[in-house]
Amino acid sequence: MKKFTSKYLVVGLVLVVALAAILWWPSEEGLSFTAGTYSASAVGFNGPIRVEVVVDRAKINSVRVVEHTESRLIADVALLRIPVAVIEGQTVAVDAVAGATVTSRALIAAITDALTQAGGNLTLLQTRPVAGLAQQGQPTERRVDVVVIGGGGAGLAAAVQAHQDGATVIVLEKMPRLGGNTILSGGAFNVVDESRQKLHGIEDSVERHVTQTYEGGDRLGNLDLIRVLVENAAGAVRWLEELGMKFQDSVFTVPGGMWARALRPVAPLGTGFIETLGAYIEKEEGIEVLLETTATELILDGGRVVGVKATTAAGQLTVRANNAVIVATGGFGANVEMRDKVNVHWPSLTNIKTTNHPGATGDGIRMAEAIGASVVGLDQIQLLPLGDPATGSLSGSIGRSVDTTIYVNKDGKRFVNEGARRDVMTRALMEQRDSALWEVVDRDSFPTGDTRNNFAETIDSLVAQGRAFRADSLEELARLINVNPANFIQTVTEFNAAVERKGGDAFGRTLFADKIDTAPFYAAPRTPTVHHTMGGIAINTSAEVVGTNGQIIPGLFAAGEVTGGIHGSNRLGGNALPDTIVFGRIAGRNAANARR
Ligand code: FAD
Numbered sequence: 002m003k004k005f006t007s008k009y010l011v012v013g014l015v016l017v018v019a020l021a022a023i024l025w026w027p028s029e030e031g032l033s034f035t036a037g038t039y040s041a042s043a044v045g046f047n048g049p050i051r052v053e054v055v056v057d058r059a060k061i062n063s064v065r066v067v068e069h070t071e072s073r074l075i076a077d078v079a080l081l082r083i084p085v086a087v088i089e090g091q092t093v094a095v096d097a098v099a100g101a102t103v104t105s106r107a108l109i110a111a112i113t114d115a116l117t118q119a120g121g122n123l124t125l126l127q128t129r130p131v132a133g134l135a136q137q138g139q140p141t142e143r144r145v146d147v148v149v150i151g152g153g154g155a156g157l158a159a160a161v162q163a164h165q166d167g168a169t170v171i172v173l174e175k176m177p178r179l180g181g182n183t184i185l186s187g188g189a190f191n192v193v194d195e196s197r198q199k200l201h202g203i204e205d206s207v208e209r210h211v212t213q214t215y216e217g218g219d220r221l222g223n224l225d226l227i228r229v230l231v232e233n234a235a236g237a238v239r240w241l242e243e244l245g246m247k248f249q250d251s252v253f254t255v256p257g258g259m260w261a262r263a264l265r266p267v268a269p270l271g272t273g274f275i276e277t278l279g280a281y282i283e284k285e286e287g288i289e290v291l292l293e294t295t296a297t298e299l300i301l302d303g304g305r306v307v308g309v310k311a312t313t314a315a316g317q318l319t320v321r322a323n324n325a326v327i328v329a330t331g332g333f334g335a336n337v338e339m340r341d342k343v344n345v346h347w348p349s350l351t352n353i354k355t356t357n358h359p360g361a362t363g364d365g366i367r368m369a370e371a372i373g374a375s376v377v378g379l380d381q382i383q384l385l386p387l388g389d390p391a392t393g394s395l396s397g398s399i400g401r402s403v404d405t406t407i408y409v410n411k412d413g414k415r416f417v418n419e420g421a422r423r424d425v426m427t428r429a430l431m432e433q434r435d436s437a438l439w440e441v442v443d444r445d446s447f448p449t450g451d452t453r454n455n456f457a458e459t460i461d462s463l464v465a466q467g468r469a470f471r472a473d474s475l476e477e478l479a480r481l482i483n484v485n486p487a488n489f490i491q492t493v494t495e496f497n498a499a500v501e502r503k504g505g506d507a508f509g510r511t512l513f514a515d516k517i518d519t520a521p522f523y524a525a526p527r528t529p530t531v532h533h534t535m536g537g538i539a540i541n542t543s544a545e546v547v548g549t550n551g552q553i554i555p556g557l558f559a560a561g562e563v564t565g566g567i568h569g570s571n572r573l574g575g576n577a578l579p580d581t582i583v584f585g586r587i588a589g590r591n592a593a594n595a596r597r
């Protein structure tokens, strides 16, 4: 268990490292150094990590990270723990911290380098038993006004809003870093934002967004919840902007988004949401995050939820809530067993990979059901046709906007409207040979080699890694990707004619921007992948959790992908992030005011 805020982190780091050095006695047999201060660096995720190591003749006295540019949200735990572990164990045989392995390895390499300069016996340092981490002295009981389970977009929005409304807050996050699926996301945020959409001549309305969301989910979504989501999305953007988040002026259509109303943050992927909300938590008193703390059970007292039981590396922790608990644990896309149990609409999903982070395992649904919460639509699982064939992730996708991209099968032919619903596109893909498609775009999508896709990767890097292909003619591209050149050229020619007509293609496509006619041309392979779980805990428009008896469960709120009933059978691309922020804020506000 680790407290997140770096002010404590820094003080804690200094104290723990100093204490460990003082307590470490007597010197370990075999270690011998030339006493002094040594510095070394190694390249981490974002750049060099430089350390300063102080040794005397027989022991490592201190390890200090003096310079780094790693992302604080991801790397803090590694930067805190590894120096402590090195001193406690007088070893460099220290495990990398999950979720921050690149940082961990670089840090260990830099420390090893410094100790080698000091004349340390490398073999001995690398083979001494792995250091245990300082876990003693952690409290087993805490009490705050609001406990939030899950440190993704919904949980952090809920925590910040609850704190702004006067509550003390603890966020429990089971992973060693914040962010969940939110930080991995493409960052596309659907909103009827007149000022930005008008800049690009796009007509839109709240009614259109509501209708598309409802119809897009086969009218299975709850219209009241949909209306809350759509009507509050613009306010959510303003709130995030007030907290310091920046959005680009461009507006685009996400695959399966059905309309050009997606804002793109300035920061890559979903990092802007997490960095912005994390920065608030870091700066304010009375709100904190406990990483590597897994909530296991909701505590009931007289029918009311009054706290959470959790496990940490140090043991059990109980966090009691004066006001309420908010469940924001995300979906279950990474839980194959749970997917298989509820799946009725797809062929077996057992061997289908996922876009989700490994912590998306449905814990919140299980905990809420155990105390009588109602669940809705668990069988509604969304697949995308755009997974990386090797990993299932969305990285490597080269479609930057639906209106500039086509999909072709292994025969070089289009087979679906690329602007269709996600389930429609995925089902169509499953009928193609090997369930495989090529995304095809031209220079309009990537004017330069360092233009980035929606996942912050440059097209040059994707081509260099063999994850995308580039050619100066359509014929050459067809040969590179091993599809029939005649079919491929005919497909693109017919598509370009449809772009000119703004319609009339064989698949009913309506979203057109540019022809695919300017070299270089690009293609990238894609396959079906599990992406989103639409079902989950039943809530009302106040984000209160509804029980199987139809009554609300006092003291319990839920927000984000852990909830069900909003997106029906099919979530529109770009609708999940507004869902997390809008309902996260509602849950946070109502939890802060839910005094017993
Ligand atoms: P998460 O962000 O997943 O956060 C849940 C957190 O709870 C996690 O950190 C998890 O570790 C933690 N947790 C789970 N169980 C426990 C437990 N027992 N104890 C403590 N903590 C726990 N949507 C869009 O609208 N636009 C996009 O561009 C977009 N792109 C996407 C791209 C990818 C690759 C993925 C995977 C999804 C994308 N989505 C997108 C969907 C969207 O990102 C998610 O639906 C949304 O971020 C979910 O937010 P959340 O806060 O509900 O859950």
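Count the sequence shown with my numbering and you get residues 2 to 597, in order.
Note that CB positions come from ideal geometry on N, CA and C, so glycine has one too.
- In this structure, G31 lies away from L157, with their beta-carbon atoms at least 9 Å apart.
- With a threshold of 16 other beta carbon atoms within 10 Å, V67 falls short and is exposed.
- Here the distance from the Cβ of L173 to the nearest heavy atom of the ligand FAD is below 8 Å.
- Shown here, F253 sits in a strand according to DSSP, grouped into three states.
- Here the C-alpha atom of K60 lies approximately 9 Å from the C-alpha atom of I88.
- For N591, the uninterrupted alpha helix (DSSP H) run begins and ends at 577-593, by DSSP.
- The Cβ atoms of G120 and T183 do not sit closer than 9 Å to each other.
- Look at the segment 257-313 and you find these whole runs of beta strand (DSSP E), each 3 residues long or longer: 263-266, 288-292, 295-302, 305-313.
- Classified as exposed, H201 has fewer than 16 neighbouring CB atoms from the shown chains inside 10 Å of its CB.
- Looking at the backbone, the Cα of V403 and that of E419 are separated by about 7 Å.
- For a cut-off of 8 Å, the C-beta gap from V95 to A86 is around 4 Å, short enough to register as a contact.
- Spanning the alpha carbons of T452 and I399 requires a straight line of approximately 11 Å.
- In this model, R178 and K284 are separated by some 18 Å (Cα to Cα).
- Separation of the CB atoms of F248 and P266 is rounded to 6 Å, and the pair is thereby assigned contact status at 8 Å.
- When DSSP reads this structure, T528 sits in a beta bridge with G388.
- Less than 9 Å divides the Cβ of V170 from the Cβ of D146.
- Only residues of its own chain outside the window of five on either side were considered, and among them A43, V44, G45, I50 have a CB closer than 7 Å to the CB of A107, listed in chain order.
- With a cut-off of 8 Å, the C-beta of V376 is classified as distant from the ligand FAD, since no heavy atom of the ligand falls inside that distance.
- The three-state reading of DSSP puts V192 in coil, since its state is none of H, G, I, E or B.
- A457 is classed as exposed because its beta carbon has fewer than 16 other beta carbons within 10 Å across all chains shown.
- Straight through space, the alpha carbons of G180 and G273 are spaced by roughly 10 Å.
- Only exposed fits V345, as fewer than 16 other CB atoms lie within 10 angstroms of its CB.
- Taking 9 Å as the cut-off, the beta carbon of R422 is found closer than this to the beta carbon of G217.
- Looking at the DSSP output, I553 bridges to V547.
- For L379, same chain residues with a beta-carbon under 8 Å away, outside a window of 5 residues either side, are V343, I366, T534, G536, G537, G565 in chain order.
- In the DSSP assignment, F333 is bridged to no other residue.
- Not one heavy atom of the ligand FAD lies closer than 8 Å to the C-beta of F248.
- Note on R586: 16 or more other CB atoms within 10 angstroms of its CB, so buried under the neighbour-count rule.
- Judged by DSSP secondary structure, I490 falls within the alpha helix (DSSP H) whose first and last residues are 486-502.
- Residue side-chain check: I184 places its Cβ nearer than 8 Å to a non-hydrogen atom of the ligand FAD.
- Burial check for G504: the Cβ neighbour count within 10 Å stays below 16, so the residue is exposed.
- Around the beta carbon of K175, 16 or more other beta carbons lie within 10 angstroms, which makes this residue buried.
- In this structure, G257 places its C-beta atom within 9 Å of the C-beta atom of R572.
- Membership of R51 in the beta strand (DSSP E) is indicated by the continuous run 49-56.
- Within the DSSP secondary-structure output, F558 pairs in a beta bridge with I327, E545.
- In the DSSP assignment, G37 falls within the unbroken beta strand (DSSP E) covering 37-44.
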